[in-house]
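Okay, so the sequence shown: first residue is 124 according to this note's numbering, each after it adds one.
Glycine residues also receive a C-beta, built at the ideal position from the N, C-alpha and C atoms.
Shown next, in structure tokens, is the structure this report addresses.
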Amino acid sequence: MVSGGKRCPQGKKRSCFPLCPPPPDGVNIVTPSDEVLKKGNDKLRITIVGTFTKGSVSCTNVCDFARAHWGKQGLVHVGQKDEHTFFFKFDNELSMHNANLSISQIATGQKMG
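As structure tokens, then:
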């Protein structure tokens, strides 16, 4: 048995964990319809979510950086969820892919090409 009273599938005893712990008492679980999930998926399909794990960066600095590097390459919108998490929406998948590559280059100290 694992938390939440679910049984592990046969042969999976060591690596079986529920995706989410059981909710606290008084919390209702909402299951959205497939239509709602599809709309959300379509809305975020060509979006990069970036999280700063150490400290925070001002929204102004993040927006300025994003516009300077990706503004003419398909960046549509920069949004902020909280002080650590930003959303970068692009107009097409190639632009998003290229931005993702440049983020990897920055993170590993390579020059952006």
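Based on DSSP bridge pairs, tell me the residues matched to residue i.
i: Leu167; result: Per DSSP, none; premise fails for Leu167.
i: Thr183; result: Note: Thr183 sits in no beta bridge, so no partner.
So for residue i, helix, strand or coil by DSSP?
i: Thr176; result: coil
i: His220; result: helix
i: His237; result: As displayed, the chain neither begins before 124 nor continues past 236, which places residue 237 out of reach and without an answer.
i: Lys212; result: strand
i: Lys162; result: helix
i: Asp157; result: helix
Are there 16 or more other CB atoms within 10 angstroms of the CB of residue i, so buried, or fewer, so exposed?
i: Phe188; result: exposed
i: Leu198; result: buried
i: Phe209; result: buried
i: Val172; result: exposed
i: Val159; result: exposed
Can you tell me the Cα-Cα spacing of residue i and residue j, whole angstroms?
i: Phe211; j: Ala222; result: 9 Å
i: Val150; j: Phe175; result: 29 Å
i: Ser126; j: Val153; result: Note that Ser126 scores 43 on pLDDT, short of 50, meaning its location in the model is unreliable; the coordinates nonetheless yield the value given after this. One C-alpha to the other measures close to 20 Å.
i: Leu167; j: Ser179; result: 23 Å
So the candidates are the options; which of them puts its Cα closest to the Cα of residue i?
i: Gln203; options: Lys166, Ser181 and Ile169; result: Ser181
i: Gln196; options: Asp148, Phe213, Pro147 and Ile169; result: Phe213
i: Trp193; options: Asp165, Ser179, Met219 and Gly163; result: Met219
i: Val238; options: Thr183, Pro155, Lys161 and Glu216; result: This structure gives no information on residue 238, because the portion of the chain shown stretches from 124 to 236.
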